[in-house]
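In case it helps, my numbering puts the sequence shown at residues 2 to 168.
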Amino acid sequence: MDNYYDEISEGYEELHREEQEKKIAFIKVRLNEYFNIEKSHSLLDVGCGTGITTIPWNCKRTGLDPAIKLLEKGNKKDEIDYVLGAAEDIPFKDNSFDIITSITAIQNFEDLEKGLSEIRRVGKDFFILSYLKASQKGKIIEEIINRLFDVKLRFEEDKDIIFFCSK
2 MDNYYDEISE GYEELHREEQ EKKIAFIKVR LNEYFNIEKS HSLLDVGCGT GITTIPWNCK
62 RTGLDPAIKL LEKGNKKDEI DYVLGAAEDI PFKDNSFDII TSITAIQNFE DLEKGLSEIR
122 RVGKDFFILS YLKASQKGKI IEEIINRLFD VKLRFEEDKD IIFFCSK
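This is the structure in structure tokens:
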């Protein structure tokens, strides 16, 4: 999958920016009822691409993505640490981040169980996870999320299923 995203890196922002920004705005409105993200919090965005879904958070941000060309485009923005890597092998210690996000990336994981387990491992206690409604992997994604996390809220956005979870 990372080769695909490297190949489309030149047009990635044009293709995804508007939809992803709309999704983050939708999430932030709902989030205020459950969790207050503070400047001192640390956030890891798994499958961050160019950082469209990483930039809007007002805290210490790290983006992880397996597509080097997308990360190279992201490095020109904001104060975000971009790290090359896959969800299945996140290069951070246990409980490293206050918040983990993975917005419309889960359905692209090579190994869903391992990727979501790694997300749980490096997160302390708050997770924002979403996947494309149209994904054929939806049922298994939901089963794994419900098994690994305490789902606080599940809701549908235009194209995604979104979860707010804790450990």
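Backbone N, C-alpha and C fix where the C-beta goes; we use that ideal spot for every residue, glycine too. Predicted model only: the values in this text are computed from it and were never measured.
Collapsed DSSP secondary structure at S97 in the structure displayed = coil
Under 6 Å Cβ to Cβ from T102, same chain only, skipping five residues before and after it: list those, please.
-> D46 and I129
Please report how far the alpha carbon of I69 lies from the alpha carbon of D90, in whole angstroms.
-> 16 Å
Would N109 be called buried (16 or more neighbouring beta carbons within 10 Å of its own) or exposed?
-> buried
According to the neighbour-count rule (16 or more other Cβ atoms, all chains shown, within 10 Å of its Cβ), is E157 buried or exposed?
-> exposed
Supposed close pair I1, W58 - CB separation, criterion 8 Å | Lying outside 2 to 168, the shown extent of the chain, residue 1 is not represented and no answer is given.
Enclosing beta strand (DSSP E) for E119 [first to last residue] | Per DSSP, E119 belongs to no beta strand (DSSP E); it is in the alpha helix (DSSP H), L113 to V123.
Helix, strand or coil for E34 per DSSP?
-> coil
Please report the Cβ distance between K168 and R121, rounded to the nearest whole angstrom; I am assuming they are in contact, meaning their Cβ atoms lie under 8 Å.
-> 7 Å
Who pairs with L45 in a beta bridge, going by DSSP?
-> T63 and I101
DSSP state of I91 mapped onto helix, strand, coil = coil
Please report the Cβ distance between T54 and I104, rounded to the nearest whole angstrom; I am assuming they are in contact, meaning their Cβ atoms lie under 8 Å.
-> 4 Å
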